[in-house]
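In what follows, a structure is listed as structure tokens, so that the remarks can point back to it.
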Amino acid sequence: MNPLLETIINKGLLFDAAGVIGLGLLGLGALRLARQHQSWGSTMMAAGAIALLLARLYIVSSPFFINDDFLLKIGPVGVSLTMGLPPLLLTLGLAGIVWGLWSHERWLRVERR
Amino acid sequence: MNSACFPPLASVEAVRPVFLIVMGVFILLVGWRLAQTSGKWTARMLMAGALLLGFGYALLMPMYEAGVLLQYSPKAHSPLSAGSVLGWHIVKLMAMNTGWFLFGTGVAMHANILGSPSARAPRVGAEETILSPHESAA
Numbered sequence: 004m005n006p007l008l009e010t011i012i013n014k015g016l017l018f019d020a021a022g023v024i025g026l027g028l029l030g031l032g033a034l035r036l037a038r039q040h041q042s043w044g045s046t047m048m049a050a051g052a053i054a055l056l057l058a059r060l061y062i063v064s065s066p067f068f069i070n071d072d073f074l075l076k077i078g079p080v081g082v083s084l085t086m087g088l089p090p091l092l093l094t095l096g097l098a099g100i101v102w103g104l105w106s107h108e109r110w111l112r113v114e115r116r
Numbered sequence: 182m183n184s185a186c187f188p189p190l191a192s193v194e195a196v197r198p199v200f201l202i203v204m205g206v207f208i209l210l211v212g213w214r215l216a217q218t219s220g221k222w223t224a225r226m227l228m229a230g231a232l233l234l235g236f237g238y239a240l241l242m243p244m245y246e247a248g249v250l251l252q253y254s255p256k257a258h259s260p261l262s263a264g265s266v267l268g269w270h271i272v273k274l275m276a277m278n279t280g281w282f283l284f285g286t287g288v289a290m291h292a293n294i295l296g297s298p299s300a301r302a303p304r305v306g307a308e309e310t311i312l313s314p315h316e317s318a319a
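Chains as they are written, first to last, in the numbering used here: chain A, 4 to 116; chain B, 182 to 319.
Here it is, written out as structure tokens:
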């Protein structure tokens, strides 16, 4: 295999870290906007960023602690939660960020007019 | 059974790619509109992140959902996993992670998260002077 591709695959955690840092910055920026302007859109954006961050952290960290023993311990409800929650969090987080961003942008336009 | 082969039209599986496409296009649109009202470097960060995220969410993820692109897994050693699957996996990693990083940095810069609080101080004072007579009247 191409050594460049190999390093990218092996250093996948580095890319994931970049994504997590970006989401954290997005959440911090949204919180700052929410405190500055007191618009509900920024609060929505921060909530979305937190949901996305949670799901992403779970996806990044799950290969390290998910095994058969763990799945047996948490039972069928827990297993269905591990399968159902991350997509739900990803979907809701993305929707929250986009909705919050849109409403914040619209709010900015109204404010400047 | 036909219904086993095709997901029903109103199911989560059928709606999710559409949702992702709509969200990707929306991120591009809102990022562009937000970039118009902000500074030079903030606009560049926002637009670069929005472009990458729009590409990732509007094109890549629906293609993965539709099964056009196969999910990469390090354990599977199919003949396909060497070439195109690996390449698309790297493209996805780059687009999504770099996209969120750039977009998050852009939003943080737009929110003036690295700026000093003294730059905002006069505005806070002006708000207080406007607010105080209103409060005393109430």
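We put the beta carbon where it would ideally sit given N, CA and C, even for glycine. Keep in mind it's a predicted model, so treat the numbers as computed, not measured.
Neighbour flag for A/Ser-114 against chain B, beta carbons, 7 Å: Numbered from its first residue, the first sequence carries residue 114 of chain A at position 111. Just to set this straight, residue 114 of chain A is Glu in the shown sequence, not Ser. Output row for A/Glu-114: interface = no.
Chain A contact for B/Arg-214 (CB, 7 Å cutoff): Here residue 214 of chain B refers to the residue found at position 33 of the second sequence. Yes, because at least one Cβ of chain A sits closer than 7 Å to the Cβ of B/Arg-214.
Own chain, CB closer than 7 Å to B/Gln-252, minus 5 neighbours either side, in chain order: Your numbering for residue 252 of chain B matches position 71 in the second sequence. Excluding positions up to five away in sequence, the list reads Tyr-245.
A/Arg-115 versus B/Leu-274 - alpha carbon distance: Position 112 of the first sequence, counted from the first residue, corresponds to residue 115 of chain A. Position 93 of the second sequence, counted from the first residue, corresponds to residue 274 of chain B. About 38 Å.
Min CB distance B/Val-305 to chain A below 7 Å: As a first step, residue 305 of chain B is located in the second sequence; it is residue number 124 there, counting from the start. The pLDDT assigned to B/Val-305 is 46, lower than 50, so where the model puts this residue is not dependable; a value taken from the coordinates is nonetheless given after this. So no, B/Val-305 is outside the interface.
Listed by chain order, chain A residues near B/Phe-200 by CB distance under 9 Å: Residue mapping note: residue 200 of chain B aligns to position 19 of the second sequence, counting from 1. Per Cβ cutoff of 9 Å: Thr-94, Leu-97 and Ala-98.
Delimiting residues of the alpha helix (DSSP H) encompassing A/Ile-77: As a first step, residue 77 of chain A must be located in the first sequence, where it is residue number 74. Unbroken alpha helix (DSSP H) run through A/Ile-77: 71-115.
Chain B contact for A/Arg-58 (CB, 7 Å cutoff): Your numbering for residue 58 of chain A matches position 55 in the first sequence. The sequence shown places Ala at residue 58 of chain A, rather than the Arg named in the question. Residue contact with chain B for A/Ala-58: absent (no Cβ-Cβ distance below 7 Å to any residue of chain B).
Three-state secondary structure (DSSP) of B/Gly-264: Counting from one through the second sequence, the residue named residue 264 of chain B turns up at place 83. If DSSP states are grouped into helix, strand and coil, B/Gly-264 belongs with coil.
Cβ-based neighbour list, B/Leu-250, same chain, cut-off 6 Å, excluding 5 preceding and 5 following: Counted from its first residue, the second sequence places residue 250 of chain B at position 69. Result list for B/Leu-250: Met-244 and Trp-269, in chain order.
Nearest-angstrom Cα separation, counted from B/Tyr-238 out to B/Met-204: Numbered from 1 along the second sequence, position 23 holds the residue referred to as residue 204 of chain B. Numbered from 1 along the second sequence, position 57 holds the residue referred to as residue 238 of chain B. Cα-Cα distance, rounded: 7 Å.
Span of the alpha helix (DSSP H), counted from its first residue to its last, around A/Ile-53: Your numbering for residue 53 of chain A matches position 50 in the first sequence. Taken as a continuous stretch (DSSP letters only), the alpha helix (DSSP H) holding A/Ile-53 covers 43-68.
Closest Cα partner of A/Gly-96 within the set A/Leu-75, A/Leu-17, A/Ala-20 and A/Gly-30: Along the first sequence, read from residue 1 onward, the residue named residue 96 of chain A stands at position 93. Checking every option, the nearest Cα to that of A/Gly-96 belongs to A/Gly-30.
Rounded distance between the beta-carbons of B/Phe-207 and A/Ile-24, thought under 8 Å: Numbered from its first residue, the first sequence carries residue 24 of chain A at position 21. Numbered from its first residue, the second sequence carries residue 207 of chain B at position 26. That pair is no contact at about 23 Å.
Assigned exposure category for B/Val-199 - 16 Cβ within 10 Å defines buried: Your numbering for residue 199 of chain B matches position 18 in the second sequence. Result: exposed.
Alpha-carbon to alpha-carbon, A/His-40 and B/Thr-141: This structure cannot settle anything about residue 141 of chain B, because the visible part of chain B is limited to 182 through 319.
Residues that B/Phe-282 contacts on chain A, provided the C-beta gap is smaller than 7 Å: Residue 282 of chain B sits at position 101 when you count from the first residue of the second sequence. Here the neighbours are Ala-21, Gly-22, Ile-24 and Gly-25.
Identity of the residue in A/Gly-22, A/Leu-111 and A/Leu-17 nearest A/Leu-57 by Cα: Against the first sequence, residue 57 of chain A aligns to sequence position 54. The candidate whose alpha carbon is nearest that of A/Leu-57 is A/Gly-22.
Short CB-CB distance (under 7 Å) between A/Val-121 and chain B: Shown here, chain A extends from 4 to 116; a query on residue 121 of chain A therefore has no answer.
Given A/Pro-90 as reference, the closest of B/Val-266, B/Ala-289, B/Asn-278 and B/Met-242 once Cα atoms are compared: As a position in the first sequence, residue 90 of chain A is number 87, starting the count at 1. Looking from the CA of A/Pro-90, the closest CA among B/Val-266, B/Ala-289, B/Asn-278 and B/Met-242 belongs to B/Met-242.
Classification of A/Ala-37 by the beta-carbon crowding that lies within 10 angstroms, buried from 16 upward: As a position in the first sequence, residue 37 of chain A is number 34, starting the count at 1. Classification for A/Ala-37: buried.
Rounded C-alpha distance that separates A/Leu-75 from A/Thr-85: One-based indexing of the first sequence puts residue 75 of chain A at position 72. One-based indexing of the first sequence puts residue 85 of chain A at position 82. Rounded to the nearest angstrom, the two C-alpha atoms are 13 Å apart.
Distance between B/Leu-295 and A/Arg-35 (C-alpha atoms, nearest Å): Within the first sequence, residue 35 of chain A is the residue found at index 32, counting from 1. Within the second sequence, residue 295 of chain B is the residue found at index 114, counting from 1. One C-alpha to the other measures close to 11 Å.
Helix, strand or coil at B/Leu-251 [DSSP, three-state]: Residue 251 of chain B sits at position 70 when you count from the first residue of the second sequence. Here B/Leu-251 sits in coil by DSSP.
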